[in-house]
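Novice: The working numbering puts the first residue of the sequence shown at 1220, with every later residue one more than the last.
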Amino acid sequence: MEIPERIDFDRVADIYDETRAVPEPFFTKALDVMERYLDKQERILDIGVGTGRFARPFQKRGFDMVGIDISEKMLGVGISKGLRNAVLADARCIPFKDKTFHSNLSVHLLHLVPDWFEVLQEALRVTRAYLLTYSQFWPEEENVSPNLLYEELTTKLGCESEPLGLPEKDLPDLVEPYAREHIGSRRETVLADERIGRLENRIYSGQWSIPDDIHKRVIEEVKSTFAGKKIRMVAHLYVFVWRIEDLNDYVSLITDESLQD
Ligand SMILES: C[S@@+](CC[C@H](N)C(=O)[O-])C[C@H]1O[C@@H](n2cnc3c(N)ncnc32)[C@H](O)[C@@H]1O
1220 MEIPERIDFD
1230 RVADIYDETR
1240 AVPEPFFTKA
1250 LDVMERYLDK
1260 QERILDIGVG
1270 TGRFARPFQK
1280 RGFDMVGIDI
1290 SEKMLGVGIS
1300 KGLRNAVLAD
1310 ARCIPFKDKT
1320 FHSNLSVHLL
1330 HLVPDWFEVL
1340 QEALRVTRAY
1350 LLTYSQFWPE
1360 EENVSPNLLY
1370 EELTTKLGCE
1380 SEPLGLPEKD
1390 LPDLVEPYAR
1400 EHIGSRRETV
1410 LADERIGRLE
1420 NRIYSGQWSI
1430 PDDIHKRVIE
1440 EVKSTFAGKK
1450 IRMVAHLYVF
1460 VWRIEDLNDY
1470 VSLITDESLQ
1480 D
């Protein structure tokens, strides 16, 4: 399957889990909260399942999860961890019949897809009850980090690393969630060198379109500011749940408006 370079997760599949891990007890609490909206007697779809970060623990808890992804390598890592029902498929054209699933998970997917609206429509087509997501907010006023400096400097040099689509964490601004659950706030002191290493290796998808010369220049500046330091990072973690009918109303409204234009 041809994957656009900017969203080709094959390149980070081997290190994805270690760089995106959600520390305990937050991860377990997020699963516990999501579980309240899922039904063990029904099928659930994880769209952009990746390495099965969420789907695999839910399968272990006895849920009938199916995952789709366009990255063969991400799915391969998932399968090596025991992920079952992993399907190589594009979220823009989900290979299942209408209303096959009770609920779906969409975690860190929609920001990668320029046609996020079509993906949302597809997600709604195959689902009956809920769409769930897990999001982390890193407020700028609480975080001074190599990542933010990298973003600021690349933007100054004309490389906007704007998301291609709509981050799920911005969806509550468009459609009121049915539930908005605060999981907790991560407060960590981390070694800046470790974060700089990740940036240098371009492990974040927002970096994949930055030209090499700009990337190198910015990394040097980030190193001169942060190398050898410890940084405090704060993230606020949420689970959002939408009812499929509320999202369908939003989609119909937007579709009707664009027909009138
Ligand atoms: C940031 S990862 C998130 C993975 C997983 N949901 C998680 O939270 O760990 C994004 C995933 O979406 C997948 N993806 C991107 N565009 C996709 C598409 N059009 N259809 C299916 N999967 C897609 C990528 O291959 C990648 O595995």
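Cβ atoms here follow ideal geometry from the backbone N, Cα and C, with glycine treated the same way.
So, does the region 1449-1456 touch the region 1361-1370, judging by three or more C-beta pairs under 8 Å?
Specialist: yes
Novice: Decide if P1396 is buried, meaning its Cβ has at least 16 other Cβ atoms within 10 Å, or exposed.
Specialist: So P1396 counts as buried.
Novice: For V1252, which three-state DSSP category applies?
Specialist: helix
Novice: Tell me, please, whether the region 1327-1346 touches the region 1394-1408 by the rule of three or more beta-carbon pairs shorter than 8 Å.
Specialist: Cβ pair count under 8 Å is below three, so no.
Novice: Determine the extent of the alpha helix (DSSP H) in which E1335 is found, giving its start and end residues.
Specialist: This sequence places Trp at residue 1335; Glu is not what is there. Counting along the chain, the alpha helix (DSSP H) containing W1335 begins and ends at W1335 to R1344.
Novice: Give a single yes or no on whether I1287 has its beta carbon closer than 7 Å to a heavy atom of ligand 1.
Specialist: yes
Novice: Do G1384 and L1331 have their C-beta atoms closer together than 8 Å?
Specialist: Cβ distance < 8 Å, so G1384 and L1331 count as in contact.
Novice: Would S1443 be called buried (16 or more neighbouring beta carbons within 10 Å of its own) or exposed?
Specialist: Exposed.
Novice: Taking one C-beta from the region 1471-1479 and one from the region 1261-1279 each time, how about it: are there three or more such pairs within less than 8 Å?
Specialist: Taking 8 Å as the limit for Cβ pairs, the verdict is that the region 1261-1279 does not touch the region 1471-1479.
Novice: Going by DSSP, what residue range makes up the beta strand (DSSP E) through D1265?
Specialist: R1262 to I1266
Novice: Am I right that D1288 and L1307 are in contact with their C-beta atoms under 8 Å? What's the rounded C-beta distance?
Specialist: The distance from the Cβ of D1288 to that of L1307 is about 7 Å, consistent with a contact at the 8 Å cut-off.
Novice: State buried or exposed for E1370, treating a residue as buried only when at least 16 other CB atoms are found within 10 Å of its CB.
Specialist: buried
Novice: Does the beta-carbon of M1293, which I'm using as the reference point, lie nearer than 7 Å to any heavy atom of ligand 1?
Specialist: Answer for M1293: yes, Cβ within range of ligand 1.
Novice: Only counting runs of 4 or more residues, tell me where the alpha helix (DSSP H) segments fall wholly within the region 1338-1387, in order along the chain.
Specialist: Listed in chain order, the complete alpha helix (DSSP H) runs (minimum 4 residues) inside the region 1338-1387 are 1365-1375.
Novice: Using the Cβ count rule (16 or more neighbours within 10 Å means buried), how would you classify S1404?
Specialist: exposed
Novice: In terms of DSSP beta bridges, what is A1274 paired with?
Specialist: DSSP, once it has assigned bridges, lists no residue as partnering A1274.
Novice: Which two residues bound the contiguous beta strand (DSSP E) that contains H1321?
Specialist: In this chain, the beta strand (DSSP E) harbouring H1321 covers F1320 to S1325.
Novice: Per the DSSP calculation, E1407 is bridged to which residue(s)?
Specialist: Beta-bridge pairing links E1407 to M1452.
Novice: Kindly indicate which residue of I1402, H1434, P1244 and R1406 has the alpha-carbon position closest to the one of G1180.
Specialist: Because the chain spans 1220 through 1480 in this model, residue 1180 falls outside it and cannot be assessed.
Novice: Which residue or residues does DSSP assign as beta-bridge partners of A1398?
Specialist: V1460
Novice: Of the residues Q1426, D1389, G1281 and Y1349, which one's Cα is nearest the Cα of H1327?
Specialist: D1389
Novice: What did DSSP end up calling D1233 once you bin it into helix, strand or coil?
Specialist: coil
Novice: One question on the structure: do G1269 and G1297 come within less than 8 Å of each other, judged by their Cβ atoms?
Specialist: yes
Novice: Suppose you measure from the CA of R1421 to the CA of I1438; what does that come to, to the nearest Å?
Specialist: 10 Å
Novice: Starting from G1297, trace the beta strand (DSSP E) both ways and give me its first and last residue.
Specialist: G1297: not part of any beta strand (DSSP E); member of the alpha helix (DSSP H) spanning E1291 to S1299, first to last residue.
Novice: Quick check on the burial criterion: 16 or more other C-beta atoms within 10 angstroms. Buried or exposed for Q1426?
Specialist: Counting Cβ neighbours within 10 Å, Q1426 comes out buried, since at least 16 surround it.
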